[in-house]
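Take a look at the structure set out below.
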Amino acid sequence: MALVLPLFLALLMGVLVYGQYFLVAHAVQQAANDGARAAIVGLDAADRRGIAERAVDRSLSGVAGFSARARTVAVTETADALTVAVSFSVPEDSFLRSSLVPSPAGPIRSSATFELPVD
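1 is the number of the first residue of the sequence shown in full-length UniProt numbering; add one for each residue after it.
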């Protein structure tokens, strides 16, 4: 029993840390999707960027530790597509930064591309 309990606790911590990582990664992907979907209706590049940033902020507002300083939004356009790339830096006091279980380093990045409507 003395050997099983530490192993069980380490396994439990791993499940919790990676569960939170996948939750945040999914939220960042969904924020990129929401930003690209919302930005498609903008009239020009500046309007699309503002719409995308507001949509990303609205989507990420439910993530623990979210602040506008912790995320970056990049909107790029080609003649036929619009891409929104989102990067989210997990706060240092987050459960993801646990020293008991190694977690992926660096910010969580995701992007979404939508085709622009054809005239």
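Note that the Cβ used here is the ideal one computed from N, Cα and C, for glycine as well. These numbers were taken from a predicted model, which means no experiment stands behind them.
- Per DSSP, the beta-bridge partners of Arg109 are Ser87.
- CA-to-CA, the gap between Ala105 and Leu23 works out to about 16 Å.
- For Arg71, the enclosing beta strand (DSSP E) stretches over residues Arg71 to Glu77.
- Residue state for Ala64 is assigned as coil, using DSSP reduced to three classes.
- Contact between Leu116 and Asp80 holds: their C-beta atoms lie close to 6 Å from each other, under 8 Å.
- DSSP places Gly35 in the uninterrupted alpha helix (DSSP H) bounded by Val4 to Ala39.
- Taking a contact to require three or more Cβ pairs closer than 8 Å, the region 51-61 and the region 9-17 do not qualify as touching.
- A straight-line Cα-Cα distance of about 15 Å links Ala68 and Ile108.
- Of the candidates Leu7, Ala27 and Val84, Ala27 places its Cα closest to the Cα of Ser59.
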